[in-house]
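These notes concern the structure reproduced below.
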Amino acid sequence: MKHGVHIHGLTFMRKRVIFGSIYILTYLLLSAIVSFNDALDDKFYTNPLWYRLLYMPLIFTLFRFRFYSAWLLAECMCMSAGFGAYPLASKPKPGQGPTDLVALKQAYEQAPNTIAYDFETIHNIDEWKCESALTVKEVLRYWNMSVQYWMATCVYKRIKWRQIAQPVTMFVSAYWHGIHLGYYMGMVTTTPCILAENVMEAGVRRRIPAHSPFIRVYDICSWFFRTRMFDYMSIGFILKYFHYTWKYWKSVYFIGHIVTLTLYIIGMIAIQIRPKGKRKEIINKDLGIGAQPKASEEQHRRLEKQQQEHKKEL
Numbered sequence: 001m002k003h004g005v006h007i008h009g010l011t012f013m014r015k016r017v018i019f020g021s022i023y024i025l026t027y028l029l030l031s032a033i034v035s036f037n038d039a040l041d042d043k044f045y046t047n048p049l050w051y052r053l054l055y056m057p058l059i060f061t062l063f064r065f066r067f068y069s070a071w072l073l074a075e076c077m078c079m080s081a082g083f084g085a086y087p088l089a090s091k092p093k094p095g096q097g098p099t100d101l102v103a104l105k106q107a108y109e110q111a112p113n114t115i116a117y118d119f120e121t122i123h124n125i126d127e128w129k130c131e132s133a134l135t136v137k138e139v140l141r142y143w144n145m146s147v148q149y150w151m152a153t154c155v156y157k158r159i160k161w162r163q164i165a166q167p168v169t170m171f172v173s174a175y176w177h178g179i180h181l182g183y184y185m186g187m188v189t190t191t192p193c194i195l196a197e198n199v200m201e202a203g204v205r206r207r208i209p210a211h212s213p214f215i216r217v218y219d220i221c222s223w224f225f226r227t228r229m230f231d232y233m234s235i236g237f238i239l240k241y242f243h244y245t246w247k248y249w250k251s252v253y254f255i256g257h258i259v260t261l262t263l264y265i266i267g268m269i270a271i272q273i274r275p276k277g278k279r280k281e282i283i284n285k286d287l288g289i290g291a292q293p294k295a296s297e298e299q300h301r302r303l304e305k306q307q308q309e310h311k312k313e314l
């Protein structure tokens, strides 16, 4: 797709508007069933345990679809104004902008009507990746990507001591959300979740043969754990206050913390029973905090298409 000096933002907006409309409609329909204030009422806790467990995925769906809608609308506003448009050849990334400055300069030296543009710079949420990711760490890379870039550049990379870089970045992220203790309770819980995922990956998944059907079973279980843990952790962001968050988690018997601890213990046992020579370097210490956002697959496809067209011209 080629654009001249007048960048046709509507072409890029079309897909985002369609999905944004779906998210808004889902949010409005779900709002009629559950409310963010339900758990603030003492009467809520007279409901059976199964209802309190079911409430978490329902309210987190409402929570994240509200953000999906807002972020997609914000992206569309930027596209309609031409903000964040850079030549495709410069390989822009969310929040960062062009990563290939040589290609950027060469693109602007071309005739204006031969430049293919890209709005990846203002791409803030990859909702499909967030929904399909198998681990908490993966979701963090595709959620609110412009802020992820800011965290990585302005906080994580400026800390000399790698041992404390991720905890400090996580604390700054919690403070960026606000000062309510519920935010910190939710953010702090992400660390043991990712540690549990890492040791299970090292101790269990890597021992499953690559072509075994159990790999698929493991990945489905991993996705289910990740999804339910985000439901559980979101309570801190929704209820905000310490006593409300604590009361809710207590009402479901701290199930998220217990399952996370159980998986961590299972993973560590699986690691310990491995041959001694294979115990080293098997635990991935990357918590996914302070990671640079990745460009979308759509951008990669457009780049490949552009390169193929260029080869044909030669």
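In full-length UniProt numbering, the protein residues as written are 1 to 314.
Ideal Cβ positions, reconstructed from N, Cα and C, are used throughout, including at glycine.
These numbers come from a predicted model, not from an experiment.
**OP:** Report yes or no: do the segment 214 to 224 and the segment 153 to 164 share at least 3 C-beta pairs separated by less than 8 Å?
**Re:** no
**OP:** With a threshold of 16 other CB atoms inside 10 Å of the CB of Q272, please say whether the residue is buried or exposed.
**Re:** Your numbering for residue 272 matches position 272 in the sequence shown. Flag for Q272 reads exposed.
Subject >> Check: E131 C-beta below 7 Å from any heavy atom of the ligand MN >> reply: Because no ligand of any kind appears in the structure shown, any question about the ligand MN cannot be addressed here.
Original post:
With distances taken from CA atoms, which of A103, L72, H211, P209 is nearest I18?
Top reply: Taking the first residue of the sequence shown as position 1, residue 18 is located at position 18. Minimum Cα distance to I18 is reached at L72.
Original post:
If you follow the alpha helix (DSSP H) that H177 is part of, which residue opens it and which one closes it?
Top reply: Counted from its first residue, the sequence shown places residue 177 at position 177. Here the alpha helix (DSSP H) through H177 covers 162 to 177.
**OP:** Determine, using beta-carbon pairs with one atom in the segment 190 to 203 and one in the segment 136 to 155, whether at least three such pairs fall under 8 Å.
**Re:** yes
Original post:
Using DSSP with H/G/I as helix, E/B as strand and the rest coil, what is Y253?
Top reply: Numbered from 1 along the sequence shown, position 253 holds the residue referred to as residue 253. Three-state DSSP puts Y253 in coil, outside helix and strand.
Original post:
What did DSSP end up calling F19 once you bin it into helix, strand or coil?
Top reply: Looking up residue 19 in the sequence shown gives position 19. Helix.
**OP:** Would you identify the three-state DSSP class for Y55, choosing helix, strand or coil?
**Re:** As a first step, residue 55 is located in the sequence shown; it is residue number 55 there, counting from the start. Y55: helix per DSSP, three-state reduction.
Original post:
With a cut-off of 8 Å, does the C-beta of E138 fall near any C-beta of chain B?
Top reply: This model lacks chain B altogether; it includes just one protein chain.
Subject >> Where T260 falls, given that 16 or more other Cβ within 10 Å makes a residue buried >> reply: Position 260 of the sequence shown holds residue 260. So T260 ends up on the buried side.
**OP:** Reducing DSSP to helix, strand and coil, say where K105 ends up.
**Re:** Taking the first residue of the sequence shown as position 1, residue 105 is located at position 105. Helix at K105.
Original post:
Taking C-alpha atoms, which residue in I258, F225, H211, Y183 lies nearest to G236?
Top reply: Locating residue 236 in the sequence shown gives position 236, where the first residue counts as 1. Among I258, F225, H211, Y183, the Cα nearest to that of G236 belongs to Y183.
**OP:** Output yes or no for whether 8 Å exceeds the beta carbon distance between D118 and P94.
**Re:** Taking the first residue of the sequence shown as 1, we reach residue 118 at position 118. Taking the first residue of the sequence shown as 1, we reach residue 94 at position 94. Taking 8 Å as the Cβ cut-off, D118 and P94 do not qualify as a contacting pair.
Subject >> DSSP-derived helix/strand/coil call for S82 >> reply: For the purposes of this step, residue 82 is taken as the residue at position 82 of the sequence shown. What sits at residue 82 in the sequence shown is Gly, not Ser. Of the three classes helix, strand and coil, the one that applies to G82 here is coil, per DSSP.
Original post:
Got a sec? Which residues, its chain only, sit under 6 Å from C78 by beta carbon, not counting five neighbours each side?
Top reply: Against the sequence shown, residue 78 aligns to sequence position 78. These residues qualify, in order along the chain: G84, I122.
Original post:
Relative to the alpha-carbon of F67, which residue among W50, Y27, K43, Y45 has its alpha-carbon at the smallest distance?
Top reply: Looking up residue 67 in the sequence shown gives position 67. The shortest C-alpha separation from F67 is found at Y27.
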